[in-house]
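Peer 1:
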Amino acid sequence: MKSGDKYIPLEKLNSIKKEALENPEKFWGEQAKCLDWNKTWDKVLEWHVPYAKWFINGRLNACYNCVDRHILNNRRNKAAIIWEGENGECRILTYYELYREVNKFANVLQNLGVETGDRVAIYMPMIPEAAIAMLACARIGAIHSVVFSGFSADALAERINDAEAKVLITSDILYRRGKKIDLKGIVDKALLNCPTINHTVYVKRNNDLKLMEGRDYCWDELMKGAKNYVEPVPVEANHPLFILYTSGTTGKPKGVVHSTGGFMVYTTKTLEWTWGINDMDVFWCTADIGWITGHSYVVYAPLACGTTIVMYEGAIDYPNPGRIWEIIEKHGVTILYTAPTAIRMLMMYGEEWVKKYNLSTLRMLGSVGEPINPRAWKWYYEVVGQKRCPICDCYWQTETGGHVIYPPIGIQDIPLKPGSATFPGIGIDADVVDEYGNSLPPNKRGLLVIKNPWPGMLMGLWKNDARYRAAYWERIKNCYCPSDYAIKDEDGYFWILGRADEVLNVAGHRIGTAEVEHVLISHPAVAESAVIGKPDDIKGEVPVAFVVLNKGYQNKKELKEELIHYVKETMGPIATPHMILFVNKLPKTRSGKIMRRILKKLIMGEELGDLSTIEDNTSVDEIRKELSDFK
Ligand code: ATP
Ligand code: MG
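So the sequence shown is residues 213 to 843, counted in the numbering used here.
(1) Please find out if some non-hydrogen atom of the ligand ATP comes closer than 7 Å to the beta-carbon of V358.
(2) Out of L558, G463, E298, point me to the one whose CA is closest to E714's CA.
(3) Spatial neighbours of G724 within its chain, please: C-beta separation below 7 Å, excluding the five flanking residues on both sides.
(4) Does at least one heavy atom of the ligand MG sit under 7 Å from the Cβ of T825?
(5) So, with DSSP's three-state summary, where would you put I344?
(6) Please check the pair N277 and A516, which I expect to be a contact at CB under 8 Å, by giving their CB distance rounded to whole angstroms.
(7) Taking the beta strand (DSSP E) that N717 falls in, what are its first and last residues?
(8) How about the stretch 452–468 and the stretch 596–607: do they share at least three Cβ pairs that are nearer than 8 Å?
(9) Who are the near neighbours of I621 in its chain, counting only those whose CB is closer than 6 Å to its CB and skipping five residues on each side?
(10) Would you mind working out which of P694, T610, P552, A678 sits nearest S632, comparing C-alpha positions?
(11) Threshold first: 4 residues or longer. Then list the alpha helix (DSSP H) segments lying entirely within the stretch 227–258, N to C.
(12) Just curious, the alpha helix (DSSP H) that M435 is in, first and last residue?
(13) Could you tell me whether any non-hydrogen atom of the ligand MG is closer than 7 Å to the CB of Q609?
(14) What are the residues that DSSP puts in a beta bridge with W707?
(15) Is it buried or exposed, N767, if we count other Cβ atoms within 10 angstroms and call 16 or more buried?
(16) Report the rounded CA-to-CA distance for A683 versus A333, giving the unit in angstroms.
(17) Is the closest heavy atom of the ligand ATP to the C-beta of E582 under 7 Å?
(18) Whose C-beta lies closer than 7 Å to the C-beta of H735 among residues of the same chain, with five residues either side of it excluded?
(19) In this structure, how does DSSP classify M807 when only helix, strand and coil are distinguished?
(20) Ignore the nearest five residues each way along the sequence and tell me which others in T505's own chain have a CB closer than 7 Å to its CB.
(21) Residues bridged to V379 by DSSP?
(22) Please identify the residue among G518, P452, V445 whose C-alpha is closest to the C-alpha of K877.
(23) Please state the DSSP three-state secondary structure of M557.
(24) Quick one: is the Cβ of A458 within less than 7 Å of any heavy atom of the ligand MG?
(25) To the nearest angstrom, how far is it from the Cα of I688 to the Cα of Y263?
(26) What are the complete alpha helix (DSSP H) segments, minimum 4 residues, inside the stretch 516–560?
(27) Please classify R388: does DSSP put it in a helix, a strand, or coil?
(28) Which one or two residues does DSSP pair with P627 in a beta bridge?
(29) Nearer than 7 Å: is that true of the beta carbon of T505 relative to any heavy atom of the ligand MG?
(30) To which residues of the same chain is E367 closer than 8 Å at the C-beta, ignoring the five residues directly before and after it?
(31) In the structure shown, what three-state DSSP assignment does F758 receive?
(32) Can the beta-carbon of N655 be found less than 8 Å from the beta-carbon of I623?
(33) Consult DSSP for D605 and reduce its assignment to one of helix, strand or coil.
(34) Excluding the 5 residues flanking N226 on each side, which residues of the same chain have their C-beta closer than 8 Å to its C-beta?
(35) Is the stretch 570–584 in contact with the stretch 434–442, if contact means three or more CB pairs nearer than 8 Å?
(36) Should I744 and L811 be called a contact, given that it needs their Cβ atoms to be closer than 8 Å?
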């Protein structure tokens, strides 16, 4: 189904954007009607830099909006969650079933002594209980802090302690690449250092779960005795809905706090604008609930819209590279939202895997997490979307709550440029500025900033006001600074060039890491690359490139020279890599982002710092060895 009939004219979109910026209170007050409120707000916005309060004294419940209101209409028996396990096991929960489970689990939390405002840690695989636990917290006004289930005991303990969580919801094992991972073992180790946790609830998936008396409980056992209705607590709009720690790509993760009202309004509206979500959709966002994408666009926004979502536990290329396409065919997925790192991996497996499946239900695609290189964009568009599905490249962050730079392809047939997230979204006054905050002319590289508050904007960092101000508000006066580097082209399209802290400064020229990386990946031999700046006495910095080769290409001196020449020809001498290293794997965060800070430290021979968010340590060992061989 195409949503072409729903498109609004470009002039109309521009006038909406204009109105949203000129009269944000009126605009967002209107938009907030997408939710059910127990009490209307007294004032839409109070803005004292750097704190925004939205929908002041309005009262609502996020869980009610995601679940209860749908069972009052004909969505009652509609699939809310289609869950697929790695081994093909499948569970479908209708909105009514979700409602029942969430109510009962909310009562379980109450029985464990959880009250409004308490923090609950959730350390779970991608199973329906994870979403149920989040919604149950929201129902009673408890603040959840989801920790990605791939994290170690230390990383889990650090996050639990920072948030001072009272209860931990987890599961005994998770499945990944055919293996059972012992979460219980990790949790037991973490809890040795978590004095605030009183109780732990385990979803039992294995028979030999051993519980610690008085502390540990089994999900099913507690659910048996639970009440089947708990009144949703209407919280003030600025009551925190959750805390979520950032991915840790650039350093120690930050405990981002999101509100209930503003966050729910912003994510719900951006989901509508981004893909024109409707009741026919089967929406699959492959992000883990441990990341913001999993909060905003797996759980809260799609369920608030009454959408059917797909949740998948496991690797999208296991047991074979066709797994992702098989799930799309099986459930008739209409919108697929994934990350460039996944697209590049699927691309490496080749299009024969895609062609085995019928993907005709797809109508729109999405990409998030990193700048998408044009070659991967083209493959996604042509091979996966069969040139029929527009791609929404969504730029945003944990801190922004929802998409901030993205093409609203759900309401406008906007011309796309591969690799550009297009324009600032509705209600977002973004710009590219120099270090003094002056707006830069087209095609000049600079810092991305947002000059106004928007409802999805973080409320702050959990109990760390100084870091909140320092991290986002001190770089450019009165502007929110996401610390990404960008250009605006002559047509006003925004291109994200990489992290501001990772930008190269070669002989006074500033070059984004993504710029050089995209050139390298456009060469047929290159599957992935990461570029960093190495200090140089004459030029200040010189680019060094780490390259993962495509299958069939060999680690040869000639190929290195060819690649160096290729970058020089494409981008000019200034970007010429001083050195290229072929590696099997790049160090990435568990959310799939390249950790350039680690590469830089390896090159400099420095201490690596916080490695808790790295996906696979062997990548570091390999590069260390490669570097010592090089010397
Ligand atoms: P930390 O802040 O702890 O270093 P992180 O920034 O990786 O971690 P996230 O909030 O998950 O944590 O990621 C947001 C960042 O991801 C953005 O600031 C940007 O660098 C990158 N990003 C996300 N989407 C896009 C996109 N569509 N295009 C370009 N970059 C993107
Ligand atoms: Mg960040």
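Every residue gets a Cβ at the ideal spot worked out from N, C-alpha and C, and that includes glycine.
Peer 2: Per the coordinate set shown:
(1) V358: no, Cβ never under 7 Å from the ligand ATP.
(2) Taking only the C-alpha atoms, the option nearest E714 is G463.
(3) Excluding sequence positions up to five before and after G724, its CB lies within less than 7 Å of the CB of R657, Y697, L709, G710, V715, all in the same chain and listed in chain order.
(4) Flag unset: Cβ of T825 not near the ligand MG.
(5) If DSSP states are grouped into helix, strand and coil, I344 belongs with the helices.
(6) Going by Cβ atoms, the distance from N277 to A516 rounds to 5 Å, so yes, they are a contact pair.
(7) Start and end: 716–718.
(8) The answer is no - the stretch 596–607 does not touch the stretch 452–468, with fewer than three Cβ pairs under 8 Å.
(9) Taken in chain order, the residues that qualify are P602, C604.
(10) Of the listed residues, the one whose Cα sits closest to S632 is P552.
(11) Segments of the alpha helix (DSSP H) lying fully in the stretch 227–258: 236–243.
(12) Counting along the chain, the alpha helix (DSSP H) containing M435 begins and ends at 431–436.
(13) Because some heavy atom of the ligand MG lies under 7 Å away, the Cβ of Q609 counts as near it: yes.
(14) In the DSSP output, where bridge partners are listed per residue, W707 has I699.
(15) Flag for N767 reads exposed.
(16) Here the alpha carbons of A333 and A683 stand approximately 25 Å from one another.
(17) The answer is yes for E582.
(18) So the list reads L775, Y778, once near-sequence residues are dropped.
(19) In the structure shown, M807 sits in coil (DSSP, three-state: anything other than H, G, I, E or B).
(20) The answer, listed in chain order, is C497, A499, V580.
(21) Note: V379 is bridge-paired with V332, H411 in the DSSP secondary-structure output.
(22) Given that the chain is displayed from residue 213 to residue 843, the structure contains no residue 877 and the question cannot be resolved.
(23) The DSSP-derived three-state label of M557 is helix.
(24) Contrary to the premise, residue 458 reads as Thr rather than Ala in this sequence. T458: yes, Cβ under 7 Å from the ligand MG.
(25) For I688 and Y263, the distance between alpha carbons rounds to 15 Å.
(26) With a minimum length of 4 residues, the continuous alpha helix (DSSP H) runs that stay inside the stretch 516–560 are 535–543.
(27) In the structure shown, R388 sits in a strand (DSSP, three-state: E or B).
(28) Beta-bridge pairing links P627 to no other residue.
(29) With a cut-off of 7 Å, the C-beta of T505 is classified as distant from the ligand MG, since no heavy atom of the ligand falls inside that distance.
(30) A small fix is needed here, since residue 367 is Ala in this sequence, not Glu. Excluding sequence neighbours, A367 sits near V359, S824, T825.
(31) Strand.
(32) At the C-beta level, N655 and I623 stay beyond 8 Å of one another.
(33) When DSSP states are grouped into helix, strand and coil, D605 belongs to the strand group.
(34) Excluding sequence neighbours, N226 sits near nothing in its chain.
(35) Three or more Cβ pairs closer than 8 Å define a contact, and the stretch 570–584 falls short of that threshold against the stretch 434–442.
(36) In this structure, I744 sits near L811, with a CB-CB distance shorter than 8 Å.
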